[in-house]
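Residue numbers (the working numbering): 24 to 245. From the three backbone atoms N, C-alpha and C, an ideal C-beta is built for every residue, glycine too.
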């Protein structure tokens, strides 16, 4: 089963046909991330805020038949329906958020406390991802990336993520080599046939190469 980007899975839920991915992103999502530690200084949750670009926001609102009066605002009932719709993640969809430590992937649960709004023409989602097993924040870096493997959507980090509930931590951003990523995308795209792209919906899954890395490192607790 092919993975479905955010707009794709919403349209699929509405029984609409997803658009074909191309060699550049079609959705642009400002992304705010916050690390949350528990009382023992272990990483337990990551807060996520997605803010879509104006065009994609308008398409989603129209396709879901929201804002029926056209005043640019959603009713409380519409916000609840929108949040419920975005909580219905397809099987195998990882939420475009990837956490790793010591070179190994760290599991994240499906979204909790999903909230949705439509502010100044932009769709805004706020939710959290919990770790099934909390991990200690010590001198071993934790790496977090936000990306769509297909590169249909591009996640732009909104500032440097914060760390709450734990002192002695530093967050840095390692910028992606977009030139090298684009060359890789073009190379892999050239290896696909027209039938694979148009009929089978295949695409190069190199979105991670375009994504910045968020590196979290904390001092050892005394």
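Does residue 128 come out as helix, strand or coil in the three-state DSSP assignment? strand
Pick from 239, 173, 159, 230 that is closest to residue 67, judged by C-alpha positions: 159
So is residue 244 buried or exposed if we call it buried at 16+ other beta carbons inside 10 Å? exposed
Distance CB(residue 154)-CB(residue 186) smaller than 8 Å: no
Since residue 5 contacts residue 228 with CB under 8 Å, what's their CB separation in whole angstroms? Nothing in the structure corresponds to residue 5, since the chain is present only between 24 and 245.
So for residue 53, helix, strand or coil by DSSP? strand
What's the gap between the Cα of residue 230 and the Cα of residue 221? Each residue's Cα considered, the two are about 20 Å apart.
Where residue 214 falls, given that 16 or more other Cβ within 10 Å makes a residue buried: exposed
Is the beta carbon of residue 169 sitting closer than 8 Å to the one on residue 54? Judged by their CB atoms, residue 169 and residue 54 are nearer to each other than the 8 Å cut-off.
For a test of the three-state rule: what should DSSP assign to residue 171, helix, strand or coil? Coil at residue 171, not helix or strand.
So, residue 237 versus residue 56, is the Cβ gap smaller than 8 Å? Contact flag set, yes.
Check whether the Cβ atoms of residue 87 and residue 105 lie closer than 8 Å to each other. Taking a C-beta distance under 8 Å as the contact criterion, residue 87 and residue 105 qualify as a contact pair.
What are the boundary residues of the beta strand (DSSP E) that residue 104 is part of? Segment 99-109 is the alpha helix (DSSP H) holding residue 104; no beta strand (DSSP E) there.
Given a threshold of 16 other Cβ atoms within 10 Å of its Cβ, counted over all protein chains shown, does residue 183 qualify as buried or as exposed? Exposed is the call here.
Reducing DSSP to helix, strand and coil, say where residue 236 ends up. Assigned with DSSP and collapsed to three states, residue 236 falls in strand.
Whole-angstrom distance between residue 118 and residue 46, CA atom to CA atom: Only weak support is given to the placement of residue 46: the predicted model assigns it a pLDDT of 47, under 50, and the value that follows is read from those uncertain coordinates. Taking the straight line joining both Cα atoms gives about 21 Å.
Which whole-angstrom value describes the C-beta separation of residue 72 and residue 147, a residue pair presumed to lie in contact below a C-beta threshold of 8 Å? 7 Å
Would you kindly report the start and end of the unbroken alpha helix (DSSP H) that includes residue 89? In the DSSP assignment, residue 89 falls outside any alpha helix (DSSP H), carrying neither H nor E.
Just verifying my parser: in three-state terms, what is the DSSP assignment at residue 149? Residue 149 falls in the strand class under three-state DSSP.
Closest to residue 239 by CA distance: which of 49, 100, 191 is it? Taking only the C-alpha atoms, the option nearest residue 239 is 191.
Can you give me the start and stop residues for the beta strand (DSSP E) that residue 138 sits inside? 135-142
Measuring only the C-alpha atoms, how far is residue 122 from residue 202? 24 Å
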